[in-house]
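Numbering (our numbering), first residue to last: 5 to 588. Cβ atoms here follow ideal geometry from the backbone N, Cα and C, with glycine treated the same way. Bear in mind the structure is a predicted one, so any value in this text is a computation, not a measurement. Here is the structure we will look at.
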Amino acid sequence: MELVLFDIHAKQRFIFSSTRLKENVGASFQITLLDSWVEESIAKLNLSVQWVSRSSGRILLILDCDSSARKLIGEVTRRAHAEAPEMDVSGVFVRMFGSCLSRDDLRAVDHVAYRYALNRNPALSRFAQMPFLLRANDSSLPAAPLYSDGGKVETPSSSLGGRALSLPAQVKVRQANVARDHFLNLARVQRLLYEEDEKLARDPTKLEELLQTASEGGIGVPSKVAVIHIDGNGVGGVMRRLDEVLSEKGRGALRSELEVAEGSGDALRTFVLEISERLDVAVKLAFRSAWERVAKLARKDAEDSNKQYTAIPVVPVILGGDDVTVITSGDYALPFAAAYLRYYEEATRSDPILRYLTPPEGQDTGPMTAAAGVAIVKRNFPFHIAYELAEKLVDRAKKVGKTTQPPCSTLDYHVLFDTTVLDASEILPGYKDFTTRPFRLLDDDSTSPRCSCDTCHPGEEPSDSSKTDRPHESWEVTRRRVARFKGMSLGSTDESRSKTDLEPFPRTRAARIRGLLSSGRTQTADDEWKVAREEGGDWIDTELGGVGAVFDLLELSDLLPPSFFELSLPDLGKNINAASEATE
């Protein structure tokens, strides 16, 4: 028996080798095609296989002999070279130690793959660089004749303007159209499009056109957009030790869920396959649910303003494995990210197998968590720079979520006002002392467990001692504070205060305090806060969280739409069940 591994190397470089969003979308969709290429090649060669893992960009399967493995690897890699010229796909195989998959087999095939990757030529070596060749406008690759369709040479995109493009760029542009059709069909099947008119934009340009059309009815084109990147916590680590997880927890309920008999040697293969398939379903369920959540918010905001509802302000870019990247209008970015994290936790908590993977310490089961980074930029800002910033925000959020006990999902964001400084390492530390970001999505907002991240406790070892100040607030607590800051009734802690007689915090004073905090004049900011307390009352401490919360409250009051404070998140369990039924 032969264990075969197909892998796509340098996925990030492949997706973001171009600064053009359309090529990024097309490249990310090409990665998802590996599974179908393998499956179709198996059918073409009439092979008998046992699937092990079918995650995005990484396929594991078992074949009966080495000749079958060689034929399949050759068929798949040739197709990958033809249909995705720049993609770096490799296939390796090892002889298994026994008739059933073991952890030694998994380690052996990984070792062979790493060794092979070091000795093979890079994918870019396929494109000869010669002095007399025309260089492409968008990369260092040679330009290629325009992509032909049925013998007729056609321009891949009307927006190219006669520019010379490489062959990989032309293929990616075409695949972007296929990817967007795929997302549109997904939305229609899952009942996200409630009317016959197209309500889901194919891309940011299409979204802008729809909103521009609606501007006649009073809706303006958004001045800011957001790039959202979401990544699961600990998924890579747990996938590398699934054999240990199975041996630790496989004797009880987990083995019964796998429907594997006691003593069966096929338990590990079944476990790995179930994990990859169920994780993919959980990500899509969470994405679909968050998508629908934003659609309802946008619809309500349009109706309340007597304006025309035109399009769901969400454009999917990457949806594979546990990675999600989308583009939204700036005001719906944080609602989408928060909803996704909540639904992702619920989908993994309720899954009979995924709930065993990363439970909190001392528990047998629990949800899987994730981190979201939201980079809010001007409408025409380069996508790849915004994506890099979103990635850095995810890294910062992960440090908080993983060090909280129990671990939790986290949400971080940044609004890029000044484009003269684009390095995230210079931007983010500038306001760490007067913000509660990253926010933590906690199940119980009455308690805020202490984290031991480097931001809050530089140079400290994790401690069990209590701490009165909690730098990283709960997202729900922050939501209530923003509502109260705006003079809305959501989450008011003073029951004697009339819901119709809530005064907002003065924005001029808030802007002044924010400026003082930004310039390091904290004592003057404290004095300004004392004056505000004397004039407005003690509620500014109990309901807004004190002077340290002003920086975030002022910014979030402008970012979040009115519907976000009026429409609560639907019952998570019911919503996930409904989404699961729609997906099936």
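Would you say residue i and residue j are within 8 Å of each other, going by their C-beta atoms?
i	j	result
P320	T23	no
V113	V96	yes
K406	N237	yes
T439	D562	no
L345	T352	no
L445	S413	yes
A401	G377	yes
P339	V298	yes
S170	P146	yes
P475	K490	no
S565	Y347	For clarity, residue 565 is Pro in the given sequence; the question names Ser instead. Result no, Cβ atoms of P565 and Y347 do not sit closer than 8 Å.
V404	P442	yes
A379	H418	yes
I232	T362	no
G61	G324	yes
S522	Y391	no
R273	C104	yes
Y360	L258	yes
Could you tell me which residues DSSP puts in a beta bridge with residue i?
i	result
A379	V231, H418
R441	According to DSSP, which records beta bridges pairwise, R441 is partnered with nothing at all.
H13	D92
R139	P146
R62	D11, S59
E248	Paired residue(s): none; E248 is not in a bridge.
E27	Answer is none; E27 lacks a bridge partner.
V53	Answer is none; V53 lacks a bridge partner.
P320	V330
A374	G236
F387	For F387, which the question treats as bridged, DSSP gives no partner whatsoever.
F97	V8
L283	DSSP, once it has assigned bridges, lists no residue as partnering L283.
L289	In the DSSP output, where bridge partners are listed per residue, L289 has none listed.
S413	L445
L67	E6
Grab me the residues of residue i's own chain with a C-beta within less than 6 Å of its C-beta, minus the 5 sequence neighbours each way, in chain order.
i	result
A306	Y313
R83	W41
Q54	I66
E79	S45
A302	P317
S332	Note that residue 332 corresponds to Thr in the displayed sequence, not to Ser. Within the same chain, T332 has close Cβ partners A230, P317, V318, F340.
I19	N28, A31, S32
A88	Q34
K370	According to the sequence shown, residue 370 is Gly rather than Lys. Around G370: P363, P364.
A290	Y344, Y347, Y348, A351
L560	V486
D416	G377, L397, R400, A401, R441, P442
Looking at the secondary structure, which residues open and close the alpha helix (DSSP H) in which residue i lies?
i	result
V486	479 to 489
S522	511 to 522
P339	337 to 354
G434	Counting along the chain, G434 falls outside any alpha helix (DSSP H), and DSSP gives it neither H nor E.
I46	38 to 49
R124	Looking at the DSSP string, R124 is not in any alpha helix (DSSP H), and its letter there is neither H nor E.
H85	70 to 87
K311	Taken as a continuous stretch (DSSP letters only), K311 belongs to no alpha helix (DSSP H), as it is neither H nor E.
T528	526 to 540
I357	Counting along the chain, I357 falls outside any alpha helix (DSSP H), and DSSP gives it neither H nor E.
V554	554 to 563
F568	567 to 570
D545	543 to 546
For residue i, which residues from the same chain have a beta carbon less than 7 Å from its beta carbon, with the 5 sequence-adjacent residues on both sides left out?
i	result
H13	D92, S94, A121
E281	R58
L426	I389
Q16	none
D542	none
F275	L246, L250, L262
S567	L301, K304, D305
G552	F438
D39	R58, I63
N125	none
G495	The predicted position of G495 is uncertain, since its pLDDT is 40 and thus under 50; a value taken from the coordinates is nonetheless stated next. Same-chain partners within the cutoff: R484, A487, R488.
Grab the span of the beta strand (DSSP E) containing residue i for me, first residue to last.
i	result
L446	Element bounds for L446: n/a, residue is neither H nor E.
V330	327 to 333
Answer with yes or no whether the minimum CB distance from residue i to chain C is below 8 Å.
i	result
D326	Reference to chain C is not applicable here, since this structure consists of a single protein chain.
Between which residues of its own chain and residue i is the CB-CB distance below 8 Å, once the five residues before and five after are set aside?
i	result
I77	V8, F10, G95, V96, F97
S72	E6, L49, L51
G155	With a pLDDT of only 47 at G155, under 50, the local geometry of the prediction cannot be trusted, and no value is derived from it.
A514	F489, V554, L557, L558
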